[in-house]
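Just so you know, the sequences run in chain order A and B. Going by the working numbering, 248 is the number at position 91 of the first sequence; the sequence numbering is gapless. Going by the working numbering, 223 is the number at position 69 of the second sequence; the sequence numbering is gapless.
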Amino acid sequence: MTFKLYNYVLSGNCYKIRLMAALLDVAYETIAVDFYPGFEHRSPGILALNPAGTLPVLTSGDMVLTETQAMLTWLALTYDVTGTWYPVDDPERLATITEWLGFAGRLSQSAGLARLHDMLNWPADEKAVKAAAISDLRTLELHLNDRVLEGGLWIAGDGPTIADIACFPYTALSPDAGLEHDGYPAIRNWLYAVRALPGFVAMPGIHYLHDLKETSGD
Amino acid sequence: MSTEYARNDWYVVADVNQLAAGQVVETRLLGQPLRVSGSPDAPLVTTADGTALPAQLRYDHIWTSPGADPRPLPDIAEAAERDRTFVPCGGVRVRCSPLRAVENFLDIAHFPFVHTGILGEEPHTEVAPYKVEIREDVDEVWATQIGFHQPQAAKSATEAIETRYEYRVPAPTTAVLYKTCPPKPEAWDVIAIFVQPLAENECIAWPWMALYDEVTPYADLVQFQQEIFLQDRSILENQKPTLLPLDPRLEIPTRCDLTSVVYRRWLKRKGATYGALTTAA
C-alpha cells in the first residue's frame, strides 16, 4: 500500500488529497474519521497522530503528515512521473506555486469556514468570515484573469500544478456558503478546466463535468 | 404563512452528540429562537423569553413542540430492535423549504443522476410503477412496491442489487424509508429524515439510520449517509420556487413523482402549509 489517508468525506482539505491521488492514478487506503457529528478528530487516537486535531492526516511507513499542502508536495514528488505537478527545476514557478499554497491555507479559513458554518452550523463570525471569503475569491479571480490575458489558464505556468489542486476545493464549494460564482468568470473558467482533467473525481457539492452539459453529442 | 398546523408537530432541535458533549445549542424553530441545553436524558428547551417547551429524547435526537396540543411523535418500531446499529448522522443546514427536503428524500428518479454509482447509475434510470396511498387509519402517506437497481445500496452491499423500498411519511417533516438490508435480505434497513424547520425557506435535516450491519466501522456508516445527503444539498438549494408548490398549476409532475403528488395532496388537505406555496402566482 502506498499511503493511508485519515479521511472525512465532506472535508475540502481531505478532497485535495483524494483528487491529487486520483489525478496521479495512485491507489491508497482510507480510514474514515467521524469529524461530524462525532468530533472524532479530537479523540485521543487521532490526537496522538496529529496533536493539532485537524484532518486529513496522511501516513506512509513511519512518515506522518498533517499539513495538506505538505501532502500535495509529497504526492507530486513521489508519484508524478511527469514532474509537472511540482516543477522543482523552475525556481520562479515553484515560488509562485508556494505563494498559492499559502493562499489555499487562507482560503480554508475563509471560504472553508464559511461553508462549515452554513452547512454544519460550525461556530464562526459569519459576517467577518464571508467578507474574508469574498476578498479571497476576488484575489483569485484577478490572478486568473491576468493569466487569461497572458494566454494562460492555470495558477502558475502552462499546466496544472499542486497550487491549482490546493485552491480548487474551497473555491468550487463556496456556493455551499451562499457565495455563488456568478461574479467570477475567470474562476468559473478555471473550475471547468480542473474538472476536465483526466482522472478527475467529484465530491458532494462538486459535480462531474458531464452533469452540467446541456446537450450530448452521442 | 401559517404555523397553525405546524406548531403542534414534534421537531428535532439537537442530537444526542451535542448534549453529551455539554453543548448549549442556540437554534431556531418555525422562525423563533430556541435554546437547547441539559443532558441527553434530561434535555431542556427554552424560548427567548425563558419559557420551557416540552422536550424528549427519541431516536438519538432531542425533540420539542411549540404547540399547546401536540400530535403524538411518530413511532418508529424498529428503534426498539436493540441488535440494530443506530446512527444519528448530524444536522445539515439547507436553504430550502423543510417540505422540499422531505420531498427530495421521497424521490427515486434522481438517484442515477445525483447519487451516481451509489444509489443509481445510467442506463438503469427507469422508475417502474409503484403504489402510493394515504392510509386513513394512521393518517400517513405510504409508497410501496418500489424496486430500483442500485450499485451500492448500503455500505454493507458488496455488489449491485435490485433494492426494494417502502416510504412512509408519518408527519409533514418526518419521513422514513425501509430498504433491502444487503447482509440480511429478510429484514429492512431503516433510514429516516427528521427535518427541523428554521423558517419557511430554511431547515436543518437530521438523517438517522437503524441498520443491520455488524461489519462496517461506525464512521464509514455516518459518512456514507452524509455523502449521499450532501449530494442532494446543492440541488435542493437551487430548486425554484423555494417553497413547495401545493397548487398543481405551479409544477407539472410525471408518473414517477407519484409519492410527491400524494404527499402534496396530503399536506394541502391537512392545511400543513408552513413552507408551501398554496396558490399559483
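Virtual Cβ for every residue (Gly too), placed ideally from N, Cα, C.
CA nearest to the CA of residue i, picked from the options
i, options, result
"residue 367 of chain A", "B:267, B:199, B:302 and B:180", "B:267"
"residue 433 of chain B", "B:405, B:299 and B:363", "B:405"
"residue 346 of chain B", "B:380, B:370 and B:369", "B:380"
"residue 299 of chain B", "B:291, B:306, B:316 and B:311", "B:316"
"residue 415 of chain B", "B:336, B:274 and B:296", "B:296"
"residue 302 of chain B", "B:356, B:198, B:312 and B:410", "B:410"
"residue 369 of chain B", "B:399, B:167, B:201 and B:337", "B:337"
"residue 163 of chain B", "B:401, B:358, B:218 and B:342", "B:218"
"residue 342 of chain A", "A:353, A:354 and A:329", "A:329"
"residue 334 of chain B", "B:319, B:326 and B:327", "B:319"
"residue 222 of chain B", "B:290, B:260 and B:158", "B:158"
"residue 287 of chain B", "B:321, B:390, B:173 and B:371", "B:321"
"residue 180 of chain B", "B:201, B:243, B:375 and B:272", "B:201"
"residue 288 of chain A", "A:264, A:279 and A:307", "A:264"
"residue 289 of chain B", "B:420, B:156 and B:425", "B:420"
Counted within 10 angstroms of its Cβ, other Cβ atoms place residue i as buried (16 or more) or exposed
i, result
"residue 197 of chain A", "buried"
"residue 187 of chain B", "exposed"
"residue 295 of chain A", "exposed"
"residue 305 of chain A", "exposed"
"residue 340 of chain A", "exposed"
"residue 298 of chain A", "buried"
"residue 429 of chain B", "buried"
"residue 313 of chain A", "buried"
"residue 370 of chain A", "With a pLDDT of 49 at residue 370 of chain A, under the threshold of 50, the predicted position of this residue should be treated as unreliable, though the coordinate-derived value follows. When all chains shown are included, residue 370 of chain A counts as exposed."
"residue 442 of chain B", "Because chain B in this structure spans residues 155 to 435, residue 442 of chain B falls outside the shown range and cannot be described."
"residue 175 of chain B", "exposed"
"residue 269 of chain A", "buried"
"residue 234 of chain A", "exposed"
"residue 168 of chain B", "buried"
"residue 427 of chain B", "buried"
"residue 220 of chain A", "exposed"
"residue 204 of chain A", "exposed"
"residue 244 of chain B", "buried"
"residue 236 of chain B", "exposed"
"residue 247 of chain A", "exposed"
"residue 200 of chain A", "exposed"
"residue 375 of chain A", "Since pLDDT at residue 375 of chain A reaches only 44, below the 50 mark, its modelled position is unreliable, and the value read off the structure follows with that caveat. Result: exposed."
"residue 387 of chain B", "buried"
"residue 166 of chain A", "buried"
Residue i, enclosing beta strand (DSSP E) - first and last residue
i, result
"residue 414 of chain B", "Note, residue 414 of chain B: premise wrong, no beta strand (DSSP E); alpha helix (DSSP H) at 412 to 424."
"residue 278 of chain A", "Looking at the DSSP string, residue 278 of chain A is not in any beta strand (DSSP E), and its letter there is neither H nor E."
"residue 220 of chain A", "220 to 222"
"residue 332 of chain B", "328 to 334"
"residue 257 of chain A", "Segment 248 to 264 is the alpha helix (DSSP H) holding residue 257 of chain A; no beta strand (DSSP E) there."
"residue 242 of chain A", "No beta strand (DSSP E) contains residue 242 of chain A, which DSSP labels as neither H nor E."
"residue 317 of chain B", "315 to 325"
"residue 358 of chain B", "356 to 365"
Sequence-distant residues of its chain with Cβ nearer than 6 angstroms to residue i (five each side left out)
i, result
"residue 277 of chain A", "193"
"residue 191 of chain B", "178 and 198"
"residue 360 of chain A", "172"
"residue 352 of chain B", "182"
"residue 468 of chain B", "The requested residue 468 of chain B does not occur in the structure, where chain B is confined to residues 155 to 435."
"residue 217 of chain A", "160"
"residue 334 of chain A", "271, 272 and 275"
"residue 362 of chain A", "330 and 333"
"residue 185 of chain B", "353"
"residue 259 of chain B", "329 and 347"
Cβ-based neighbour list, residue i, same chain, cut-off 8 angstroms, excluding 5 preceding and 5 following
i, result
"residue 238 of chain B", "232, 344, 364, 365 and 366"
"residue 325 of chain A", "173, 176, 348 and 351"
Span of the alpha helix (DSSP H), counted from its first residue to its last, around residue i
i, result
"residue 388 of chain B", "372 to 391"
"residue 343 of chain B", "Here residue 343 of chain B belongs to no alpha helix (DSSP H); instead the beta strand (DSSP E) covers 342 to 353."
"residue 310 of chain A", "No alpha helix (DSSP H) contains residue 310 of chain A, which DSSP labels as neither H nor E."
"residue 405 of chain B", "First-last for residue 405 of chain B: undefined, no H or E at that position."
"residue 305 of chain A", "283 to 306"
"residue 342 of chain A", "342 to 352"
"residue 328 of chain A", "319 to 329"
Same chain only: Cβ atoms within 7 angstroms of residue i, ignoring 5 sequence neighbours per side
i, result
"residue 373 of chain A", "Model confidence at residue 373 of chain A stands at a pLDDT of 46, short of 50, so the residue's coordinates are unreliable; what they give is reported in the following sentence. So the list is empty, once near-sequence residues are dropped."
"residue 257 of chain B", "398, 414 and 417"
"residue 225 of chain B", "162 and 163"
"residue 393 of chain B", "250 and 254"
"residue 181 of chain A", "232, 236 and 237"
Along the chain, which unbroken stretches of the beta strand (DSSP E) at least 3 residues long are found entirely within the stretch 160 to 226 of chain B? 165 to 169, 179 to 183, 186 to 192, 197 to 201, 209 to 212 and 215 to 218
Kindly provide the ranges of any beta strand (DSSP E) runs that are 3 or more residues long and lie completely inside the stretch 163 to 238 of chain A, ordered along the chain. 186 to 189, 214 to 217 and 220 to 222
Would you list, in sequence order, the uninterrupted alpha helix (DSSP H) runs of no fewer than 4 residues that lie entirely inside the stretch 235 to 302 of chain B? 252 to 259 and 265 to 268
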